[in-house]
Amino acid sequence: NSDDGEMSRRLNQEAAKTVKYGGVSEEEAWKMVTLNPAKLLHIDDRVGSIKVGKDADIVLWSDHPLSVYAKAEKTMIEGATYFDIEKDKQMRTKIKQERNDLMAMMLQEKNKGIKTQPIKAEDKQQLHCDSMD
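Note that the numbering used here gives residue 163 to position 31 of the sequence shown, counting from 1, and the numbers run on in steps of one.
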């Protein structure tokens, strides 16, 4: 167990490592990141496995879920779609177009003689568990 915020993003890879280095079956590895934690928390009557009447957060993968090459294509939480790779592609295209439009407008204004200013980079402080500030 870990309180690492990134760990939950790659539990499929942690399960895969358990198969490879721990010699357990794929089914047991999946239980280690789904059903077993639910049992430890005494909430396995609601989550941890897929059964009628249980709450389910579902991820649809592009490949075998224990593969490092698998990418989440769709994520559903409590029946609502939180991520869809097709919608993500559309949104990225839209953002790219908006960025290009803004750049064109800025260049057009600069060419008209409007005063410009350089981008001010923000120095964001990175915090770590050893940070004293």
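Idealized CB from N, CA, C, for every residue including glycine.
- beta strand (DSSP E) runs wholly inside the stretch 185–239, at least 3 long, in chain order: 189–193, 204–209, 212–216
- Query: According to the neighbour-count rule (16 or more other Cβ atoms, all chains shown, within 10 Å of its Cβ), is residue 213 buried or exposed?
  - Reply: exposed
- Are the Cβ atoms of residue 165 and residue 143 separated by less than 7 Å? yes
- Rounded C-alpha distance that separates residue 161 from residue 150: 6 Å
- Report yes if the C-beta distance between residue 203 and residue 192 is below 7 Å; otherwise report no. no
- Message: Tell me which residues share the same chain as residue 170 and place their Cβ nearer than 7 Å to its Cβ, disregarding the 5 neighbours each side in the sequence.
- Response: 176, 179, 180
- Hey, how far is the Cα of residue 158 from the Cα of residue 168? 14 Å
- Message: Need the endpoints of the alpha helix (DSSP H) that residue 171 sits in, please.
- Response: 167–172
- Task: Give the secondary structure of residue 151 by DSSP, where H, G and I count as helix, E and B as strand, and everything else as coil.
- Result: helix
- Task: Check residue 259 in the structure and name its three-state DSSP category.
- Result: coil
- For residue 236, count neighbouring Cβ atoms within 10 angstroms of its own Cβ and tell me buried if that reaches 16, exposed if not. exposed
- Query: What's the gap between the Cα of residue 249 and the Cα of residue 218?
  - Reply: 37 Å
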